[in-house]
Amino acid sequence: HFRERGTIRWIEDPIFGDVLVHGGFSVGLLSETPRRVRWVWRPVGADNVRVYHELLGYPISQIKEWYDKGII
5 HFRERGTIRW
15 IEDPIFGDVL
25 VHGGFSVGLL
35 SETPRRVRWV
45 WRPVGADNVR
55 VYHELLGYPI
65 SQIKEWYDKG
75 II
């Protein structure tokens with residue numbers, strides 16, 4: 005029943021492979037711009053550089069030092 009309605013479906017995640025996911029896929033479907041899922045979840049720390057550098061303004065050299073020391 006849920007598969008027929010589009011509430012759950014298999015997606016291909018670039019990191020984890022094929023994963024069965026639940027989501028309101030049947031809600032708001034548009035023929036010209038169908039909904040899609042880019043990934044199921046991202047690994048811990050996947051956005052560290054973006055957050056620390058782009059949003060908080062830390063220099064890349066500082067972030068690299070934190071990685072080297074195991075801080076992040």
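Residue numbers (the numbering used here): 5 to 76.
From the three backbone atoms N, C-alpha and C, an ideal C-beta is built for every residue, glycine too.
Just so it is clear, the structure is predicted and the values come from calculations on it, not from any experiment.
Under the three-state reduction of DSSP output, D22 falls in the strand class.
Within the same chain, Cβ atoms closer than 6 Å to the Cβ of W70 are found at I76, the five residues on either side in sequence being excluded. Residues of the same chain with a CB within less than 7 Å of the CB of P63, apart from the 5 flanking positions on each side, do not exist. Taking 7 Å as the cut-off, the beta carbon of V55 is found no closer than this to the beta carbon of V23.
For R13, the closest alpha carbon among the candidates K68, H26, F20 and I19 is that of H26. The beta carbons of I67 and V53 sit about 6 Å from each other, so the pair counts as a contact at 8 Å.
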